[in-house]
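K.L.:
Protein sequences appear in the order of chains A and B. Using our numbering, the first residue of the first sequence is number 1, and each one after it goes up by one. Using our numbering, the first residue of the second sequence is number 1001, and each one after it goes up by one. Have a look at this one before I ask anything.
2 protein chains.
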Amino acid sequence: MDVARRAGVSMKTVSRVMNNEPSVSDTTREKVNHAALELNYTPNRAARGLASSKSFLIAMLYDIPSPGYTINLQKGATEACREHGYHLIVEPLDTNVEDVAKEITGLITRLSVDGIILAPPICDNAAVIQLLAKKNTPYIPIAPSANHGDIPYVVMDDARAAREMTKHLIDLGHTEIGFVKGHPRHSASSLRFQGYREAMRAADLTINPDWIADGEFTYKSGVEAGKAILNAKKRPSAIFASNDDSAAGVMAAAAALGISVPTDLSVAGFDDTTIASSVWPPLTTIRQPVVDMGYKAAKLLLVKDDVEPGKNIMQHALIERGSTQAV
Amino acid sequence: MDVARRAGVSMKTVSRVMNNEPSVSDTTREKVNHAALELNYTPNRAARGLASSKSFLIAMLYDIPSPGYTINLQKGATEACREHGYHLIVEPLDTNVEDVAKEITGLITRLSVDGIILAPPICDNAAVIQLLAKKNTPYIPIAPSANHGDIPYVVMDDARAAREMTKHLIDLGHTEIGFVKGHPRHSASSLRFQGYREAMRAADLTINPDWIADGEFTYKSGVEAGKAILNAKKRPSAIFASNDDSAAGVMAAAAALGISVPTDLSVAGFDDTTIASSVWPPLTTIRQPVVDMGYKAAKLLLVKDDVEPGKNIMQHALIERGSTQAV
DNA sequence: AACAAAAATGACAGCGCTGTCAATTAATTA
DNA sequence: TAATTAATTGACAGCGCTGTCATTTTTGTT
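Below is the structure:
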């Protein structure tokens, strides 16, 4: 053990310094750190793991639906891992397979990590929840709809974000604002619609039923909803869609009707997915705090002090781009 | 060691069976596997790693530009890892930071894995290549432009894919085909344009210069290119754009000009990114074999037999959707 | 049947660190 | 000043497996 010899202390003291244990004098701590730097010493993860029964790994389990979301979760989670000498393992799962429980059982059973982050929508999968309940590994679900008992979880406030976007349009001078709903079976849909209605009510603005259209979080449903709203007897000056794909569809419908965005119509989306900055003009939207959510989820696994059960709400951002303007 | 006792063999024989070593009789192998199954035995990764100086981990280093691409690389890589009892660690890097070499040096130096997959465009970053040249860890770059010496790499054939898409449009009866170029500083751009020209030449079709427009792989540049081409004296019956974003922009330009897709104009893209199936009608496009590339890269690291230097070409697919039709 | 070669199995040291407890040193209290 | 308590350091067994080499068993050849 070169570092111990170089610093003139025992191997155990080197271990204490490397693990930031308190019971080391400042003098000794400096000697060890200096020796470690000189020798480019990095503790051996396998040895640490074998001796301490820790893997120094956190796993992220995710399904495929939204690559941008998942990548940003990874970004936040790896950031937290780096602060603690941990690494993030990824495990893509396919819940569209017929025998999903069988596929997942082996994988989760063999998974030997110190914690698990469950991305949506995997976090609502009954088979996964059941397997994890039997496994002695702490996990953190992200934006779950399902009930996870006392387990802490990470989420954003959809209703509040929708309120803020609607208020933003109102502050731009819009009083006639349409809304494209989300997929009827996703919990975020009703929250976002609720936020829109609350903001309209708070501003004493009436909602024209001709300007509320059903949607399914898809571009195609956005095109249809946009056409329905823009072909009503009277047109709104702004449309707020429940996500970016359907907002892009509304923009396409407007273009097809010779309506200029944002000159004749302001369009706002939700999520800040890739399409929000791909289309032209780029979408004003709500950015989900995905990186923060990934970071927080990992932190909840890595820092065991002061962890309270229940929701950890991450702060979204309103991203103003070229698809909205004042009237 | 319960498994050894249960099977009536030594611990070393259990190890041989678990590692699929050849020098075990079939009878003994069965006894051990049976005992392992009964006891739900999983070898301890830390112990294996400490004793064998392997980590049973592969790292994927990636930058952020294309989430869908990265997620699909991960899917393929984790598939290969699972076949070999390995796990995939992810390490997002930010090469837009000023002192990128400094940020990366510590991370790569401390990275203790059995192999590294380098996603584009990180695989062309000089600082990263330099650091890895000094590190005794095998790595596989994916779709590199930079020269990596004798190191095997994984790639697709852009020119051939573009030839096939152009031929597909020709087989649909299109003889007047426009083309939107890619970003002038990306190596794929010239290859895709080359493929288009080769297919046109092979079919003895002339290329109208009014139907070749510059692009930058963006939706916005696609809108502009689409307008330029569709406002020419004579219109083509199909436009092939160098990627899906610019193809979506061409579609928006067509809609604004009252041109119906695919009835009046067929539009084809390249990449099969998320936007290809988000827009309406969904894009006919070339699907990059990204999952296969991730799988192959990991396999090249995990299976040491028969690895030849040089390129491993993965087979793309032509994905026919609603944006093209016969004339 | 005897011998040689190949295949299969087992013994054991040790990989690099941590948990546990003992020993030593320093600080506090009476 | 002596006794007690707290802080610091070190000794050491052992975590669960693999590499190396010795031993045993099986197979092939003469």
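Ideal placement from N, C-alpha and C gives every residue a C-beta, glycine not left out.
Would you kindly report the start and end of the unbroken beta strand (DSSP E) that includes V1155/B?
P.N.:
In the second sequence, the residue the question calls residue 1155/B occupies position 155. Run containing V1155/B: 1153 to 1156, per the beta strand (DSSP E) assignment.
K.L.:
How many Å lie between L118/A and S1237/B at the Cα?
P.N.:
As a first step, residue 118/A must be located in the first sequence, where it is residue number 118. As a first step, residue 1237/B must be located in the second sequence, where it is residue number 237. Looking at the two C-alpha atoms, the distance is approximately 48 Å.
K.L.:
Report all residues from its chain with a CB closer than 8 Å to the CB of I142/A; omit the five preceding and five following residues, and keep chain order.
P.N.:
Here residue 142/A corresponds to residue number 142 of the first sequence, with the count starting at 1. Around I142/A: L73, I117, L118, A119, P120, C123, Y153, V154, V155, M293, G294, A297.
K.L.:
Let's see if you can read the secondary structure: which residues bound the beta strand (DSSP E) around T285/A?
P.N.:
Here residue 285/A is taken as the residue at index 285 of the first sequence, counted from 1. Start and end: 285 to 287.
K.L.:
Short of 7 Å in beta carbon distance, which residues of its chain neighbour L57/A, apart from the five on each side in sequence? Order them along the chain.
P.N.:
Here the question's residue 57/A lines up with position 57 in the first sequence. Counting only Cβ-Cβ distances below 7 Å, and skipping sequence neighbours, we find Y86, H87, I89, V113, D114.
K.L.:
Taking T1070/B as the reference, which of M1314/B, K1304/B, P1289/B has the closest Cα?
P.N.:
What you label residue 1070/B is simply residue 70 of the second sequence in a count that begins at 1. It is P1289/B whose Cα lies nearest to the Cα of T1070/B.
K.L.:
Identify, in the order they occur along the chain, each residue of the same chain with its Cβ nearer than 6 Å to the Cβ of T284/A, setting aside the five sequence neighbours on each side.
P.N.:
Here the question's residue 284/A lines up with position 284 in the first sequence. Closer than 6 Å at Cβ, skipping near neighbours: A268, E320, R321, S323, T324.
K.L.:
Starting from P329/A, find everything on chain B with Cβ-Cβ shorter than 8 Å and list it in chain order.
P.N.:
This structure gives no information on residue 329/A, because the portion of chain A shown stretches from 1 to 327.
K.L.:
For a quick check, are the C-beta atoms of V327/A and G173/A less than 8 Å apart?
P.N.:
In the first sequence, counting from the first residue as 1, residue 327/A sits at position 327. In the first sequence, counting from the first residue as 1, residue 173/A sits at position 173. Yes, these two residues count as a Cβ contact at 8 Å.
K.L.:
So, under 8 Å CB-CB, D1272/B and I1259/B are touching, yes? Tell me the CB distance rounded to an integer number of Å.
P.N.:
Translated into positions along the second sequence, residue 1272/B becomes position 272. Translated into positions along the second sequence, residue 1259/B becomes position 259. So it is not a contact: roughly 24 Å between Cβ atoms.
K.L.:
When the Cα atoms are used, what is the spatial distance from H168/A to Y1139/B?
P.N.:
Indexing the first sequence from 1 puts residue 168/A at position 168. Indexing the second sequence from 1 puts residue 1139/B at position 139. Rounded to the nearest angstrom, the two C-alpha atoms are 49 Å apart.
K.L.:
Can you tell me whether V92/A is buried or exposed, with buried defined as 16 or more other CB within 10 angstroms of its CB?
P.N.:
Taking the first residue of the first sequence as 1, we reach residue 92/A at position 92. The sequence as given places Pro at residue 92/A; Val does not occur at that position. Classification for P92/A: buried.
K.L.:
For chain B, find out if any of its Cβ atoms is closer than 8 Å to the Cβ of L50/A; answer yes or no.
P.N.:
As a working mapping, residue 50/A is identified with position 50 in the first sequence. Cβ-Cβ to chain B under 8 Å: yes for L50/A.
K.L.:
Across which residues does DSSP place P141/A in a beta bridge pair?
P.N.:
For the purposes of this step, residue 141/A is taken as the residue at position 141 of the first sequence. Answer is L118/A.
K.L.:
Please determine if the segment 176 to 193 of chain A and the segment 214 to 229 of chain A are in contact, where contact requires at least 3 C-beta pairs separated by less than 8 Å.
P.N.:
At 8 Å Cβ cutoff, the stretches touch.
K.L.:
DSSP puts Y1062/B in a beta bridge; with which residues?
P.N.:
By 1-based counting over the second sequence, the position of residue 1062/B is 62. Partner(s): P1092/B.
K.L.:
With a floor of 4 residues, list each alpha helix (DSSP H) that falls wholly inside the segment 1250 to 1313 of chain B, ordered by position along the chain.
P.N.:
Listed in chain order, they are 1274 to 1278, 1290 to 1302.
K.L.:
Per DSSP, L1318/B is paired with what?
P.N.:
Position 318 of the second sequence, counted from the start, is the residue given in the question as residue 1318/B. The partner list for L1318/B (beta bridge, DSSP) reads I1286/B.
K.L.:
Closer than 7 Å, Cβ to any Cβ of chain B: which residues of the segment 274 to 289 of chain A, in chain order?
P.N.:
Hits within the stretch, in order: T274, I275, S278, V279, W280.
K.L.:
Counting beta carbon pairs with one atom in the segment 1216 to 1223 of chain B and one in the segment 1242 to 1251 of chain B, are three or more of them shorter than 8 Å?
P.N.:
Enough Cβ pairs lie closer than 8 Å, so yes.
K.L.:
Could you tell me which whole beta strand (DSSP E) segments of length 3 or greater appear in the segment 1007 to 1093 of chain B?
P.N.:
Correct list: 1057 to 1062, 1087 to 1092.
K.L.:
Just checking: is the beta-carbon of K1220/B within a distance shorter than 8 Å of some beta-carbon in chain A?
P.N.:
The residue given as residue 1220/B occupies position 220 in the second sequence. Answer yes: the Cβ-Cβ gap between K1220/B and chain A drops below 8 Å somewhere.
K.L.:
What residues from chain A crowd round L1118/B, counting only those whose CB sits closer than 9 Å?
P.N.:
Taking the first residue of the second sequence as position 1, residue 1118/B is located at position 118. What L1118/B touches in chain A: nothing, since even the nearest Cβ is about 16 Å away.
K.L.:
Does any residue of chain B have a CB that is nearer than 8 Å to the CB of D214/A?
P.N.:
Mapped onto the first sequence, residue 214/A falls at position 214. No, because no Cβ of chain B sits closer than 8 Å to the Cβ of D214/A.
K.L.:
Against S1112/B, what residues of chain A qualify as contacts under a CB-to-CB distance less than 9 Å, listed in chain order?
P.N.:
Counting from 1 along the second sequence, the entry for residue 1112/B is found at position 112. Near S1112/B (Cβ distances below 9 Å), the residues of chain A are T42, N44, R45, A46.
K.L.:
Assign G178/A to one of three DSSP states: helix, strand, or coil.
P.N.:
For the purposes of this step, residue 178/A is taken as residue 178 along the first sequence, with counting starting at 1. If DSSP states are grouped into helix, strand and coil, G178/A belongs with the strands.
K.L.:
In the DSSP assignment, find the unbroken alpha helix (DSSP H) run with I978/B in it and report its ends.
P.N.:
No information on residue 978/B is available, as it lies outside the stretch 1001 to 1327 that chain B covers here.
K.L.:
Beta carbon of V1003/B, beta carbon of V1032/B: below 8 Å?
P.N.:
If you number the second sequence from 1, residue 1003/B lands on position 3. If you number the second sequence from 1, residue 1032/B lands on position 32. Cβ atoms of V1003/B and V1032/B: closer than 8 Å.
K.L.:
Can you find the residues in the same chain that come closer than 7 Å, C-beta to C-beta, to V17/A, ignoring five residues on each side of it along the sequence?
P.N.:
Counted from its first residue, the first sequence places residue 17/A at position 17. Counting only Cβ-Cβ distances below 7 Å, and skipping sequence neighbours, we find V24, R29, V32, N33.
K.L.:
Taking a contact to mean a Cβ-Cβ separation below 8 Å, would you say I275/A touches S1242/B in this structure?
P.N.:
Residue 275/A sits at position 275 when you count from the first residue of the first sequence. Residue 1242/B sits at position 242 when you count from the first residue of the second sequence. Against a cut-off of 8 Å, the Cβ pair of S1242/B and I275/A comes out as no contact.
K.L.:
For a contact defined as C-beta to C-beta under 9 Å, what are the partners of A256/A on chain B?
P.N.:
To locate residue 256/A, count along the first sequence from 1; it is residue 256. A1255, A1256, G1258, listed in chain order.
K.L.:
Kindly identify the DSSP beta-bridge partner or partners of F1240/B.
P.N.:
In the second sequence, counting from the first residue as 1, residue 1240/B sits at position 240. In the DSSP output, where bridge partners are listed per residue, F1240/B has F1179/B, A1268/B.
K.L.:
Just the C-alpha distance for L300/A and E83/A, rounded to the nearest angstrom, thanks.
P.N.:
Counted from its first residue, the first sequence places residue 300/A at position 300. Counted from its first residue, the first sequence places residue 83/A at position 83. The straight-line gap from Cα to Cα measures roughly 13 Å.
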